[in-house]
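Q:
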Amino acid sequence: MNTPKMTSLQRVLTTLGQQEPDRVPFFLLLTMTGAKELGLSLQDYFSKAEYVVEAQLRMRKKFQHDCLYSFLYASLEVEAFGGDTIYIDDGPPNAGAPIISKPQDILSLTPPRIEDHPCLQKVLEIERQLKAKVQDDAPIIGVVISPFSLPVMQMGFEGYLNLMLNQPDLFARLMQVNEAFCVNWANAQLAAGATAICYFDPVSSTTIITREQYLESGYQVARRVLPQIKGPTATHFASGRCLPIVEEVAQTGTMIFGISTSESLGELKKAVHGRATLIGNLNGVEMRRWSAEKAEAEVKKAIAEAGPGGGFILSDSHGEIPYQVSEETLLAISEAVHTWGRYPLDWAAA
Amino acid sequence: MGNCSLDFEQQKISLLNALVSMDTLSARTILTQPYDPCTPHQVVEQLVAPALEIIGEGWEKGEYSLSQVYVSGRICEELVDLILPPMHQSRRYQPKMAIAVLEDRHMLGSRVVYSALRASGFELAHYGSQTVDALAQRVEKDRIELLLVSTLMLSSALRVKRLRSLLEQSGRQVKIMVGGAPFRFDPALWQEVRADACGSSAAEAVDFAENLLKELQ
Ligand code: B12
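If you're matching them up, the sequences are chains A and B in order. Numbering-wise, our numbering comes out as the position in the first sequence, counting from 1, plus 112. Numbering-wise, our numbering comes out as the position in the second sequence, counting from 1, plus 1278.
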């Protein structure tokens, strides 16, 4: 028996409720690909809300996937703090020189006000326009960088590790500023039309810090911030590992875990045990070399491991498809989900 | 070199414990003891390098975190500077080596590798963040034999191919070893961009440099 066809939002909500929808929901978290779609340079593409809206709508139609994505690039938040962004022709924009050049600078740092920054307003405009177009047909995914992960771009990774280890007072003050900004930024996006907020927090992953460090730092930050966000949140580790901290992450109140390709979906599914939904974990970096057959095999493998029973959204493992991944590959992924993702997943049980 | 007959097993475990708990004082006590008849260089080779290697490999397996890898590298680098100061006769200046970050501003990966090599007694230059063209010129000018390249972004990793072509044009043999996130997520990428080797941790850079040194001698 086939389940009646659902809208993308119904499909996603069903899987979040740990039930099987009509098919496995899948998110192509497309950012730079939109520039290729419109034939624009990356810098031009990211400069106007209208471009992003147009490309998001076109790409959803083309790839038949289940979300719209208002994320531009991580360094956008650093721009709001006074930093700059460096563009290249064929890859994601990166944060420029750190805005905090010595730890003492933290004392004079204040949270940027959302209304003062055109770069933030542009994202809100994207969300408003997308919401007007799709209404409740598909979820609009907004993004914030966690207050705990943002400092890598604000002060450089080495400076940040040293701050964390040696200057607890300044670290606490930096978290205070970043937390205030993060909560406002997330809530502004929800008010503009985002359905859910993806909280990118790779520095909390056990790829970067130990479980013990997480419990004292990233976990505490998430526990303070997530309950203040007035909508559902996904915690994404951007390809970092999270198996050893699953219990605690579940306690932060997040509904979705973004899973690395370096960890087993099956094992994680067992560990979250119906308390959260997994999103992942196709290898985006490798994807540029995938043939259609390889794409199909990878999609099948992920669905077989995590699809049964719901609680799973198929996606890449980082939260962004690299610029180099071809349209053919994305179409092959889409076709494979539409072929193999239909519930009930009898073939997977066999 | 004298005959170093000591068994460092016990010290290695103590050093490892000190390093992963970021206990500089204990690490210092262990490393600054006299280990007659072993030379400082032998101590570095048989005690420091293996401990760092265990931590680096443990990071790959998810047993240790990056902050432990980073801090232990820095602690060892400093302590090795004490027992084997720069310009010390047994510091290794060969192969002529440099490390650079290609295009990203992400220095941490290269910093960890740089510390591990220095903590293993090697000397090398750190060129910071470079574009392909500037890097090729610098490598030529400094007559580098082993170039270590660290990248964070896939787009930067792909540029190693052009770096290789530029270096080939000069006609001189330069080995390129690459590392960083894109190479860890796509194990076939290093060959595609025509590197000579790829390492997923700093310890692999130390091994590669050691083997190259043997080849050169
Ligand atoms: C933490 C993290 C973040 C943090 C901090 C990133 C940073 N360093 O600036 C934040 C949230 C800020 C972030 C943001 C982004 N990120 Co990010 N992030 C990560 C993550 C989880 C870890 C990266 C990291 O810093 N590791 C720690 C360092 C020290 O490790 P490392 O450089 O790999 O070095 C180790 C080894 O590789 C080795 N090594 C390194 N160099 C060399 C060299 C040689 C010769 C050898 C032998 C060994 C060696 O030794 C080191 C220690 O053992 C990775 C995924 C992952 N699991 O690795 C993605 C990842 C790096 N991010 C990625 C991307 C794309 C981004 C963004 C561009 C997203 C966007 N569109 O905005 C931004 C850019 C941020 C910026 N700087 O402007 C991609 C890059 C690949 C790609 N797709 O192009 C990755 C790989 C995710 C993925 N799977 O696709 N990210």
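Note that beta-carbon positions come from the ideal geometry of N, C-alpha and C, so glycine has one too. A quick note: this is a predicted structure, and the numbers were derived from the prediction, not measured.
Tell me H348 of chain A's beta-bridge partners as DSSP assigns them.
A: The residue you call residue 348 of chain A lines up with position 236 of the first sequence. Per DSSP, A:F312 and A:G370.
Q: Drop a sphere of 10 angstroms on the beta-carbon of E1499 of chain B, count the other beta-carbons inside from all chains shown, and report buried for 16 or more, exposed for fewer.
A: One cannot answer for residue 1499 of chain B here, as it falls past the ends of chain B, which runs 1279 to 1495.
Q: For V397 of chain A, would you say it is in contact with chain B, using Cβ-to-Cβ distances shorter than 7 Å as the test?
A: Taking the first sequence and counting its residues from 1, the one referred to as residue 397 of chain A is at position 285. Chain B, which has a Cβ nearer than 7 Å to the Cβ of V397 of chain A, makes this yes.
Q: When you compare the CB of F269 of chain A with every CB in chain B, is at least one pair closer than 7 Å?
A: To locate residue 269 of chain A, count along the first sequence from 1; it is residue 157. Chain B contact via Cβ: present.
Q: For ligand 1, I want to know if F369 of chain A counts as a neighbour, meaning its beta carbon is within less than 6 Å of at least one of the ligand's heavy atoms.
A: Position 257 of the first sequence, counted from the start, is the residue given in the question as residue 369 of chain A. False, no ligand heavy atom lies under 6 Å from that Cβ.
Q: Are the CB atoms of C310 of chain A and V255 of chain A nearer to each other than 7 Å?
A: In the first sequence, the residue the question calls residue 310 of chain A occupies position 198. In the first sequence, the residue the question calls residue 255 of chain A occupies position 143. Cβ distance < 7 Å, so C310 of chain A and V255 of chain A count as in contact.
Q: Span of the beta strand (DSSP E) holding I1377 of chain B?
A: Residue 1377 of chain B sits at position 99 when you count from the first residue of the second sequence. That run of the beta strand (DSSP E) goes M1375 to L1380.
Q: With hydrogens ignored, establish whether the beta-carbon of N1281 of chain B is closer than 6 Å to any heavy atom of ligand 1.
A: In the second sequence, residue 1281 of chain B corresponds to position 3, counting from 1. No, ligand 1 has no heavy atom inside 6 Å of this Cβ.
Q: Mind pulling the chain A residues with CB within less than 7 Å of H1404 of chain B?
A: As a first step, residue 1404 of chain B must be located in the second sequence, where it is residue number 126. By Cβ distance, chain A contributes nothing, its closest Cβ being about 12 Å from H1404 of chain B, past 7 Å.
Q: With a threshold of 8 Å, are at least 3 pairs of Cβ atoms found where one atom belongs to the segment 227-234 of chain A and the other to the segment 1453-1462 of chain B?
A: Short answer: they don't touch.
Q: Near K1374 of chain B, which residues of its chain fall below 8 Å by C-beta distance, leaving aside the five closest residues on each side in sequence?
A: Counting from one through the second sequence, the residue named residue 1374 of chain B turns up at place 96. Hits under 8 Å: D1420, R1421, I1422, E1423 and L1424.
Q: Determine the chain B residues that contact I212 of chain A at a beta-carbon separation under 7 Å, and present them in chain order.
A: What you label residue 212 of chain A is simply residue 100 of the first sequence in a count that begins at 1. Near I212 of chain A there are no residues of chain B at all, since even the closest Cβ is about 14 Å away, more than 7 Å.
Q: Using the three-state DSSP reduction, which class does G1449 of chain B fall into: helix, strand or coil?
A: Counting from 1 along the second sequence, the entry for residue 1449 of chain B is found at position 171. Coil, per DSSP.
Q: Take the Cβ of K1439 of chain B as the centre, count every other Cβ of all protein chains shown within 10 Å, and call the residue buried at 16 or more, exposed below.
A: Residue 1439 of chain B sits at position 161 when you count from the first residue of the second sequence. The residue in question, K1439 of chain B, is exposed, as its Cβ has fewer than 16 Cβ neighbours within 10 Å.
Q: Give me the chain B residues within the contact set of T373 of chain A, using Cβ-Cβ distance strictly less than 9 Å, ordered along the chain.
A: Residue 373 of chain A sits at position 261 when you count from the first residue of the first sequence. Near T373 of chain A (Cβ distances below 9 Å), the residues of chain B are F1463.
Q: If I measure Cβ to Cβ from A300 of chain A and keep anything under 7 Å in the same chain, skipping five residues before and after, which residues do I get?
A: Start at 1 with the first residue of the first sequence, and residue 300 of chain A comes out as number 188. So the list reads I226 and L236, once near-sequence residues are dropped.
Q: Reducing DSSP to helix, strand and coil, say where A1480 of chain B ends up.
A: By one-based count along the second sequence, residue 1480 of chain B stands at place 202. Note: A1480 of chain B maps to helix in three-state DSSP.
Q: Could you name the residues of chain B that Y435 of chain A contacts, counting a contact when the two beta carbons are closer than 9 Å?
A: Translated into the one-based positions of the first sequence, residue 435 of chain A becomes position 323. L1432 and S1433, listed in chain order.
Q: Compute the minimum distance between the beta carbon of F1463 of chain B and the heavy atoms of ligand 1, and state whether it is under 6 Å.
A: Translated into the one-based positions of the second sequence, residue 1463 of chain B becomes position 185. Yes.
Q: Give the DSSP bridge partners of H450 of chain A, in chain order.
A: Taking the first residue of the first sequence as position 1, residue 450 of chain A is located at position 338. None; H450 of chain A has no bridge partner.
Q: Can you tell me whether Q279 of chain A is helix, strand or coil according to DSSP?
A: Within the first sequence, the letter at position 167 stands for residue 279 of chain A. Coil.
Q: So if I threshold CB-CB distances at 9 Å, which residues from the segment 1327-1347 of chain B count as touching chain A?
A: Those would be W1337, G1340, Y1342, S1343, L1344, S1345 and Q1346, in chain order.
Q: Quick one: residues in its chain with C-beta nearer than 7 Å to the C-beta of A1481 of chain B, no 5 flanking neighbours on either side, listed in chain order?
A: Reading the second sequence from its first residue, position 203 is the one you call residue 1481 of chain B. Excluding positions up to five away in sequence, the list reads L1330, E1331, G1334, E1335 and A1394.
Q: Go through its chain and collect everything with a Cβ distance to L1444 of chain B's Cβ below 8 Å, but skip five positions before and after it.
A: Here residue 1444 of chain B refers to the residue found at position 166 of the second sequence. Here the set comprises V1410, D1411 and A1414.
Q: Return yes when at least one heavy atom of ligand 1 lies under 6 Å from the C-beta of T441 of chain A, else no.
A: Start at 1 with the first residue of the first sequence, and residue 441 of chain A comes out as number 329. Because no heavy atom of ligand 1 lies under 6 Å away, the Cβ of T441 of chain A does not count as near it: no.
Q: At 9 Å on the CB atoms, spell out the chain A contacts of A1382 of chain B, in chain order.
A: To locate residue 1382 of chain B, count along the second sequence from 1; it is residue 104. For the record, residue 1382 of chain B in the displayed sequence is Asp; it is not Ala. In chain order: N206.
Q: Taking R1472 of chain B as the query, report the chain A residues whose CB atoms sit under 8 Å from its CB, ordered along the chain.
A: Reading the second sequence from its first residue, position 194 is the one you call residue 1472 of chain B. What R1472 of chain B touches in chain A: nothing, since even the nearest Cβ is about 15 Å away.
Q: Would you say R1440 of chain B lies against chain A (beta-carbon separation less than 7 Å)?
A: What you label residue 1440 of chain B is simply residue 162 of the second sequence in a count that begins at 1. So no, R1440 of chain B is outside the interface.
Q: Would F283 of chain A pass as a contact of L273 of chain A if the rule is Cβ separation under 7 Å?
A: The residue labelled residue 283 of chain A in the question sits at position 171 within the first sequence. The residue labelled residue 273 of chain A in the question sits at position 161 within the first sequence. Not a contact, by the Cβ cut-off of 7 Å.
Q: Considering Cα atoms alone, identify which of A:F175, A:H385 and A:A448 is closest to E149 of chain A.
A: For the purposes of this step, residue 149 of chain A is identified with residue 37 of the first sequence, where counting begins at 1. Closest by alpha carbon: A:F175.
Q: If I'm right that P1328 of chain B touches S1368 of chain B with Cβ under 8 Å, what's the distance once you round it to whole angstroms?
A: The residue labelled residue 1328 of chain B in the question sits at position 50 within the second sequence. The residue labelled residue 1368 of chain B in the question sits at position 90 within the second sequence. The Cβ separation is near 18 Å, so there is no contact.
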